[in-house]
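Single-structure report; data block below.
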């Protein structure tokens with residue numbers, strides 16, 4: 004995994020992939036699956052995730068104020084779904100799903116070696132939790148082993164899709180030259 | 004297009020597709036492309052979009068307080084990109100891109116016949132605009148001609164992907180039975 008510029012991390016969130024969010028509670032790691040997330044602003048490395056007290060990771064994230072967001076490729080589809088269908092309350096998911104941890108640079112939660120993208124994040128703002136279950140995360144360090152890969156998307160009904168190969172439309176992006184460089 | 008239950012509209016936003024947002028300013032229709040959007044809560048038909056004053060549709064959306072969000076399929080990939088690369092300030096995009104308008108039931112902006120999903124929306128909350136460019140939209144009427152179709156995703160760099168066929172993982176969704184019914 005190589006370090007990736009923070010100015011371009013929005014490119015991993017914008018396509019709307021299913022993500023993995025890992026926390027460390029001081030004793031052990033946990034990981035959850037989620038897909039409610041969005042870019043807040045492409046000029047700063049901020050994105051929003053929707054979480055709530057029903058998630059086992061919620062209290063840890065709020066108390067530790069940091070996490071790692073990893074983006075799995077399609078070869079992890081089954082694992083990604085299964086991680087979202089058990090709970091850290093009674094399961095060591097890193098062990099159960101044979102995830103390889105890599106030490107992060109700025110946060111205590113681990114990177115996941117099997118994921119092409121790993122984003123070390125801190126909580127920027129949790130004032131929108133009560134109204135909208137929203138937490139704004141700031142990426143403080145980004146790692147990438149592969150820039151384009153088949154991301155996973157959830158249709159919200161237990162069916163998923165994976166990406167096609169990328170289709171190059173750069174020549175049509177005449178109004179947005181800053182995005183294609 | 005058939006009416007679609009509001010309780011399930013999150014299923015069209017959760018996978019992170021590129022969307023079209025149409026407005027009517029009292030005289031003419033306009034449409035823009037965007038892909039910063041997320042489900043706020045699957046139990047209510049709310050979702051967030053990120054927009055700003057740099058978008059020609061912004062003032063109209065804020066003054067009219069309503070819009071239509073249409074979700075294009077992959078057969079509209081080129082059109083969807085091109086709609087995002089010209090401006091309603093000098094272009095009648097519905098005319099230029101040969102979009103067929105259908106009268107909406109609850110808002111003045113039009114549905115787009117060529118899109119499998121059309122969501123009539125009102126502004127629920129624009130108090131997050133200054134801080135995060137976020138507008139919370141509430142779907143008040145939903146229309147669907149096809150539930151599963153190849154949505155478009157933007158990698159944020161002028162390359163796009165389209166969905167694979169849906170992959171059925173319902174049997175693994177043991178903790179979330181409410182999502183698969």
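Residue numbers (the numbering used here), protein chains in the order written: chain E, 4 to 184; chain C, 4 to 184. Glycine included, C-beta positions come from ideal geometry on N, C-alpha and C. The structure displayed is predicted, hence computed values, not measured ones.
Item to check | Secondary structure of residue 123/C, DSSP reduced to three states | outcome: strand
Checklist entry - The beta strand (DSSP E) with residue 82/E in it runs from where to where? => result Counting along the chain, residue 82/E falls outside any beta strand (DSSP E), though it belongs to the alpha helix (DSSP H) covering 80-86.
Next on the checklist: Mapping the DSSP letters down to three states, classify residue 34/E as helix, strand or coil.
Outcome noted: strand
Item to check | C-beta neighbour in chain C for residue 171/E, strict 7 Å | outcome: yes
Next on the checklist: Within 10 Å of its beta-carbon, does residue 57/E have 16 or more other beta-carbons around it, so buried, or fewer, so exposed?
Outcome noted: exposed
Checklist entry - Of all the options 5/C, 27/C, 182/C and 168/C, which has the alpha carbon lying nearest to the alpha carbon of residue 97/C? => result 27/C
Item to check | Coarse secondary structure for residue 141/C, derived from DSSP in three states | outcome: strand
Item to check | Three-state secondary structure assigned by DSSP to residue 117/C | outcome: coil
Checklist entry - Straight-line CA distance for residue 38/E to residue 157/E? => result 7 Å
Next on the checklist: Run through chain C and tell me which residues come within less than 8 Å of residue 163/E, C-beta to C-beta.
Outcome noted: 169, 170 and 172
Checklist entry - Are the C-beta of residue 83/E and some C-beta of chain C separated by less than 7 Å? => result no
Next on the checklist: Counting C-beta neighbours from all protein chains within 10 Å, is the total for residue 46/E 16 or more, i.e. buried, or is it exposed?
Outcome noted: exposed
Checklist entry - Can you tell me the Cα-Cα spacing of residue 83/C and residue 106/C, whole angstroms? => result 21 Å
Next on the checklist: Determine, for residue 177/E, whether the minimum Cβ-Cβ distance to residues of chain B falls below 7 Å.
Outcome noted: Of the protein chains in this structure, namely E and C, none is chain B.
Checklist entry - Can you tell which of 175/E, 184/E, 178/E and 151/E has the C-alpha that lies nearest to the C-alpha of residue 77/E? => result 151/E
Checklist entry - Between residue 133/C and chain E, is there a C-beta pair that is closer than 7 Å? => result no
Checklist entry - Applying the criterion that 16 or more other CB atoms from any shown protein chain within 10 Å of the CB defines a buried residue, is residue 127/E buried or exposed? => result buried
Item to check | Length of the line joining the Cα atoms of residue 181/C and residue 135/E | outcome: 20 Å
Item to check | Cβ pair count under 8 Å reaching 3, the stretch 170-177 of chain E against the stretch 18-34 of chain C | outcome: no
Item to check | Pair within 7 Å by beta-carbon distance, residue 169/E and residue 162/C | outcome: yes
Checklist entry - Nearest-angstrom Cα distance between residue 124/E and residue 133/C? => result 23 Å
Next on the checklist: Suppose contacts are defined by Cβ-Cβ distances below 7 Å. Is residue 85/E in contact with residue 14/C by that definition?
Outcome noted: no
Checklist entry - What runs of the beta strand (DSSP E), each 3 residues or longer, lie entirely inside the stretch 11-60 of chain E? => result 22-27, 32-37, 40-44 and 49-53
Next on the checklist: Tell me the rounded alpha-carbon separation between residue 29/E and residue 63/E.
Outcome noted: 9 Å
Next on the checklist: Taking a contact to mean a Cβ-Cβ separation below 7 Å, would you say residue 65/E touches residue 141/E in this structure?
Outcome noted: no
Checklist entry - For the candidate residues 70/C, 165/C, 129/C and 101/C, whose alpha-carbon lies nearest to that of residue 122/C? => result 70/C
Item to check | Cβ-based contacts, 8 Å cut-off: residues of the stretch 88-99 of chain C near chain E | outcome: 88, 89 and 90
Checklist entry - So which residues on chain E does residue 18/C lean against when the C-beta distance must stay under 8 Å? => result 19, 38, 156, 157, 158, 159 and 164
Next on the checklist: For a quick check, are the C-beta atoms of residue 143/C and residue 109/C less than 7 Å apart?
Outcome noted: yes
Checklist entry - Hey, residue 164/E and residue 18/C are a contact pair by Cβ (cut 8 Å); roughly how many whole angstroms apart? => result 7 Å
Checklist entry - Candidates 111/E, 40/E and 146/E: which alpha carbon is nearest residue 16/C's? => result 40/E
Checklist entry - Between which two residues does the beta strand (DSSP E) carrying residue 100/E extend? => result Element bounds for residue 100/E: n/a, residue is neither H nor E.
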